[in-house]
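**Q** Residue numbers (the numbering used here), protein chains in the order written: chain E, 1 to 316; chain Y, 317 to 348; chain F, 349 to 510. Even for Gly, the Cβ is constructed at its ideal location relative to N, Cα and C.
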Amino acid sequence: ANSETISIEQKLAVQSIRRFLESKTSYDVLPVSYRLIVMDTSLLVKKSLNILLQNNIVSAPLWDSHTSRFAGLLTSSDFINVIQYYFSNPDKFELVDKLQLDGLKDIERAIGVRPLDQGSIHPFKPLYEACCKMIESRSRRIPLIDQDEETHREIVVSVLTQYRILKFVALNCRETRYLKRPIGELNIITQGNLLSCRMHTPVIDVIQLLTQGGVSSVPIIDEHGRLVNVYEAVDVLGLIKGGIYNDLSLSVGEALMRRSDDFEGVYTCTKNDKLVTIMDTIRKSRVHRFFVVDEEGLLIGVLTLSDILKYILFEE
Amino acid sequence: LATSSIKHNTLCVASIVRYKRKYVTQMLYAPL
Amino acid sequence: STIAILPSSLPQIHRANMLAAGSAAATKISPLSIKKSKTKWHFGIRSRSYPLDVMGEIYIALKNLGAEWAKPSEEDLWTIKVRWKYDMGQPTNEKIPDLMKMVIQLFQIEANNYLVDFKFDGWESSYGDASPSSNEDEMSTFSAYPFLHLTTKLIMELAVNS
Numbered sequence: 001a002n003s004e005t006i007s008i009e010q011k012l013a014v015q016s017i018r019r020f021l022e023s024k025t026s027y028d029v030l031p032v033s034y035r036l037i038v039m040d041t042s043l044l045v046k047k048s049l050n051i052l053l054q055n056n057i058v059s060a061p062l063w064d065s066h067t068s069r070f071a072g073l074l075t076s077s078d079f080i081n082v083i084q085y086y087f088s089n090p091d092k093f094e095l096v097d098k099l100q101l102d103g104l105k106d107i108e109r110a111i112g113v114r115p116l117d118q119g120s121i122h123p124f125k126p127l128y129e130a131c132c133k134m135i136e137s138r139s140r141r142i143p144l145i146d147q148d149e150e151t152h153r154e155i156v157v158s159v160l161t162q163y164r165i166l167k168f169v170a171l172n173c174r175e176t177r178y179l180k181r182p183i184g185e186l187n188i189i190t191q192g193n194l195l196s197c198r199m200h201t202p203v204i205d206v207i208q209l210l211t212q213g214g215v216s217s218v219p220i221i222d223e224h225g226r227l228v229n230v231y232e233a234v235d236v237l238g239l240i241k242g243g244i245y246n247d248l249s250l251s252v253g254e255a256l257m258r259r260s261d262d263f264e265g266v267y268t269c270t271k272n273d274k275l276v277t278i279m280d281t282i283r284k285s286r287v288h289r290f291f292v293v294d295e296e297g298l299l300i301g302v303l304t305l306s307d308i309l310k311y312i313l314f315e316e
Numbered sequence: 317l318a319t320s321s322i323k324h325n326t327l328c329v330a331s332i333v334r335y336k337r338k339y340v341t342q343m344l345y346a347p348l
Numbered sequence: 349s350t351i352a353i354l355p356s357s358l359p360q361i362h363r364a365n366m367l368a369a370g371s372a373a374a375t376k377i378s379p380l381s382i383k384k385s386k387t388k389w390h391f392g393i394r395s396r397s398y399p400l401d402v403m404g405e406i407y408i409a410l411k412n413l414g415a416e417w418a419k420p421s422e423e424d425l426w427t428i429k430v431r432w433k434y435d436m437g438q439p440t441n442e443k444i445p446d447l448m449k450m451v452i453q454l455f456q457i458e459a460n461n462y463l464v465d466f467k468f469d470g471w472e473s474s475y476g477d478a479s480p481s482s483n484e485d486e487m488s489t490f491s492a493y494p495f496l497h498l499t500t501k502l503i504m505e506l507a508v509n510s
C-alpha cells in the first residue's frame with residue numbers, strides 16, 4: 001500500500017512539475033541581473049579558449065560582425081573537432097594555431113562532423129517548449145533569441161542550459177519532495193554496453209569515444225569494472241590550453257592531471273536513490289550527471305540531466 | 317560603455333542593457 | 349541517500365594515484381591554474397593627453413572609419429554627435445534603419461585625467477524614413493552588439509593611431 005501511495009504521489013508530482021514548466025517562460029529563469037559573454041567570430045580559437053577559462057564558462061554565443069548576426073554557440077564540441085582535425089593532420093599545426101572562430105565550420109567539414117543543431121527559442125515561449133527543443137536537438141543548451149525592435153536584428157538574450165532549468169525546478173517546485181520512487185524502477189538510467197575506458201587508454205581514443213558516442217563524458221573503470229574517474233568533454237579545454245601538440249600521446253589518466261584543483265569530483269548514486277535527493281543535489285551543487293554504481297562500486301549505468309528532464313517532460 | 321584593458325591583443329567592451337524587466341551586462345570580446 | 353562523490357576522482361587523490369602508479373608524464377603535468385583574473389573595467393577610455401588633442405584623435409579616427417558627425421556647437425566642444433552607416437554586407441530588401449547614432453563625450457576626472465564616454469543614441473535610416481522614435485523607456489529589446497562592435501573598431505583605431 002505504501003509503495004502504491006508513493007507511486008501515485010510521484011505521478012501527481014511529475015504532472016504538477018510539468019504544469020509548472022508549461023506555466024513559466026525561459027525569461028522567468030533568468031536572474032534579474034546577469035552577464036552574457038559573446039565573442040566576435042574573428043577571434044583566434046586559442047584566444048577564445050583563454051576567455052572561456054578566465055570567465056569560468058564552457059560555452060559562449062558567437063557574433064559575426066560582418067553580417068551583424070549571431071553565428072551559433074562556441075562549445076566544447078568545437079574544441080574536440082579541432083583536436084581531432086589536428087590529430088589527423090599533425091603537419092597543420094600552423095593552421096590550427098592561427099585558426100579563427102569563423103574557421104570552425106571548415107574544421108567540421110574537414111573531419112566530416114555534422115554540425116550540432118543548436119536550435120533557439122524566444123525568451124517568452126513556455127519553458128516546457130525550450131526543454132522539448134533541447135531534448136530534440138540533443139543539445140544541452142539553447143540560445144534565447146529575441147529581435148531588436150528597430151532593426152529586427154537578432155538579440156541573444158541568454159543561453160539556457162538543462163542544468164539551469166533543473167536547478168530552477170529544484171528551487172521552485174515543492175513537489176520534488178514527492179519523487180520518492182527508486183530511480184532503478186523508473187527506467188531512466190542509461191545502462192548496458194556503456195562506453196567506458198581504462199586509465200591507460202590514450203586520451204585521443206577517449207576523445208574519439210566522446211564524438212562517436214555523442215556523449216559528453218566517458219567513465220574510466222579499473223580491471224574489475226569499478227568506476228575510478230570520468231573524462232568529460234569540458235576537460236578538452238584544459239588539454240588544449242596546455243598545448244595539444246604534446247598532450248595527445250598522453251593516457252587519459254595523465255590528461256586528467258590537467259584538471260584544476262577546484263574540480264568538485266564525480267557524483268555517483270545507486271539504483272535505490274530517489275529523484276527527491278537527486279534534485280536536491282542539483283539544487284546545491286554544479287552536477288551534470290550521476291554515475292550509477294552498485295554496493296561494490298561496480299559501474300552499472302549513468303543518469304544524465306537529459307534523462308531526468310525527459311522523465312519529467314514525457315513520463316508518468 | 318565599459319572597457320577592459322587590452323590584453324593579448326584582445327579587447328572586451330560591455331554595456332548594461334535593460335531587457336524587459338531584467339538587466340543584461342552584454343560583453344563582447346573582439347581581436348585588436 | 350547513497351549519492352556520493354567518487355573519492356578517486358578528486359584531483360589531489362587522482363594525482364597521488366597516478367604518481368604511485370609511476371606514470372612518467374605524471375610528474376611533468378601540472379593542474380590548469382587559470383587565474384580567474386577579475387577583468388578590470390573602466391568607464392569609457394581614459395586619457396592624460398591635452399583635451400583638444402584627444403578630441404582631434406577622435407575626429408581623425410571617426411574620419412578613418414567613415415563615420416560622420418554633427419558640427420559641434422560653440423558652447424559644447426566636448427561632445428560629438430556621430431552617425432555611422434552600418435552596412436551589413438548583405439542586401440536586405442526590408443527597410444531597416446542603417447545609420448547608428450552615438451554620442452561621444454569628453455569628461456574631466458581630475459587635473460589632466462580625462463575620460464571619453466561612448467553612448468548609444470538610436471538608429472536612423474539613410475533613405476529618409478523617420479524611424480519610429482520609440483523613446484528610451486518603451487524601447488526594451490535592442491541589441492547592443494552593433495554598438496559594441498563599432499566602439500571596438502573606434503577604440504582600436506585610437507589605440508593604433510596613438
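1) Roughly how far, in whole angstroms, is the beta-carbon of residue 201 (chain E) from the beta-carbon of residue 80 (chain E), given that I think they are within contact range, below 8 Å?
2) Out of curiosity, what's the CA-to-CA distance linking residue 207 (chain E) and residue 233 (chain E)?
3) Please report how far the alpha carbon of residue 45 (chain E) lies from the alpha carbon of residue 182 (chain E), in whole angstroms.
4) Just to confirm before moving on: does the CB-CB distance between residue 417 (chain F) and residue 429 (chain F) stay below 8 Å?
5) The stretch 28-57 of chain E: which residues have C-beta closer than 9 Å to a C-beta of chain Y, in chain order?
6) Tell me, please, whether the CB atom of residue 113 (chain E) is closer than 8 Å to any CB atom in chain Y?
7) Which value, in whole angstroms, describes the spacing of the CA atoms of residue 465 (chain F) and residue 138 (chain E)?
8) Using a beta-carbon distance cut-off of less than 7 Å, what residues from the stretch 78-111 of chain E approach chain B?
9) When you compare each of E:284, E:253 and E:254 to residue 267 (chain E) by their alpha carbons, which one comes out closest?
10) Reducing DSSP to helix, strand and coil, say where residue 64 (chain E) ends up.
11) Considering residue 311 (chain E), what are the terminal residues of the alpha helix (DSSP H) in which it resides?
12) Taking a Cβ distance cut-off of 7 Å, strictly less, list which residues of the stretch 161-180 of chain E are near chain F, in chain order.
13) Give a yes or no on contact between the stretch 319-332 of chain Y and the stretch 252-262 of chain E, applying the rule of three or more CB pairs nearer than 8 Å.
14) Does the beta carbon of residue 319 (chain Y) come closer than 8 Å to any beta carbon on chain E?
15) Which runs of the beta strand (DSSP E), 3 residues or longer, sit entirely within the stretch 266-293 of chain E?
16) For the alpha helix (DSSP H) that contains residue 136 (chain E), what are its first and last residues?
17) Between E:264, E:311, E:155 and E:158, which lies nearest to residue 275 (chain E) when the distance is taken from Cα to Cα?
18) With a threshold of 8 Å between beta-carbons, can residue 489 (chain F) be considered close to chain Y, or not?
19) I need the straight-line Cα distance from residue 6 (chain E) to residue 180 (chain E), nearest angstrom please.
20) The alpha helix (DSSP H) that contains residue 113 (chain E), what's its start and end?
21) Please state the DSSP three-state secondary structure of residue 401 (chain F).
22) Answer yes or no: does any C-beta atom of chain F fall closer than 8 Å to that of residue 261 (chain E)?
23) Check the Cβ of residue 450 (chain F) against every Cβ in chain E and list those closer than 9 Å, keeping chain order.
24) Have a look at residue 110 (chain E) and residue 78 (chain E) and give me their C-alpha separation to the nearest angstrom.
25) Could you check whether the Cβ of residue 329 (chain Y) sits closer than 8 Å to any Cβ belonging to chain E?
26) Span of the beta strand (DSSP E) holding residue 350 (chain F)?
27) Return the first residue and the last residue of the alpha helix (DSSP H) that residue 168 (chain E) is part of.
28) Does DSSP put residue 81 (chain E) in a helix, in a strand, or in coil?
29) CA-CA distance, residue 298 (chain E) and residue 224 (chain E)?
30) Quick check on residue 67 (chain E): buried or exposed, where buried means 16 or more other Cβ atoms within 10 Å of its Cβ?
**A** Walking through what the data contain:
1) At roughly 16 Å, the Cβ-Cβ gap does not stay under 8 Å, so residue 201 (chain E) and residue 80 (chain E) are not in contact.
2) Using only the alpha carbons, I get a separation of about 8 Å.
3) Each residue's alpha carbon lies about 44 Å from the other.
4) One thing to note: residue 417 (chain F) has its Cβ within 8 Å of the Cβ of residue 429 (chain F).
5) So the list reads 30, 31, 32, 33, 34, 35, 36, 37, 38, 39, 40, 42, 43, 44, 47, 48, 50, 51 and 55, given in the order they occur along the chain.
6) Closer than 8 Å: no.
7) Straight-line Cα distance between these residues: approximately 44 Å.
8) Going by chain labels, chain B is absent from the structure shown, which instead holds the protein chains E, Y and F.
9) Minimum Cα distance to residue 267 (chain E) is reached at E:284.
10) Reduced to three states, the DSSP call for residue 64 (chain E) is strand.
11) Unbroken alpha helix (DSSP H) run through residue 311 (chain E): 305-314.
12) Going along the stretch 161-180 of chain E in chain order, one finds no residue with a Cβ nearer than 7 Å to chain F.
13) Proximity of the stretch 319-332 of chain Y to the stretch 252-262 of chain E falls short of the contact definition, fewer than three beta-carbon pairs being nearer than 8 Å.
14) The beta carbon of residue 319 (chain Y) does not come within 8 Å of any beta carbon belonging to chain E, so the residue lies off that interface.
15) Taking only runs of at least 3 residues, the beta strand (DSSP E) segments lying wholly in the stretch 266-293 of chain E are 267-269 and 289-293.
16) First-last of the alpha helix (DSSP H) with residue 136 (chain E): 127-136.
17) Measuring C-alpha to C-alpha distances from residue 275 (chain E) to each of E:264, E:311, E:155 and E:158 identifies E:311 as the nearest.
18) Nearest CB-CB separation between residue 489 (chain F) and chain Y: below the 8 Å threshold.
19) Roughly 6 Å separates the two Cα atoms.
20) Looking at the DSSP string, residue 113 (chain E) is not in any alpha helix (DSSP H), and its letter there is neither H nor E.
21) Residue 401 (chain F): helix per DSSP, three-state reduction.
22) Residue contact with chain F for residue 261 (chain E): present (Cβ-Cβ distance below 8 Å to some residue of chain F).
23) Result: empty, since nearest Cβ-Cβ is about 15 Å, beyond 9 Å.
24) Rounded to whole angstroms, residue 110 (chain E) to residue 78 (chain E) spans 13 Å at the Cα level.
25) Closer than 8 Å: no.
26) Taken as a continuous stretch (DSSP letters only), residue 350 (chain F) belongs to no beta strand (DSSP E), as it is neither H nor E.
27) Taken as a continuous stretch (DSSP letters only), the alpha helix (DSSP H) holding residue 168 (chain E) covers 162-172.
28) Three-state DSSP puts residue 81 (chain E) in a helix.
29) So the two alpha carbons sit approximately 8 Å from each other.
30) Classification for residue 67 (chain E): exposed.
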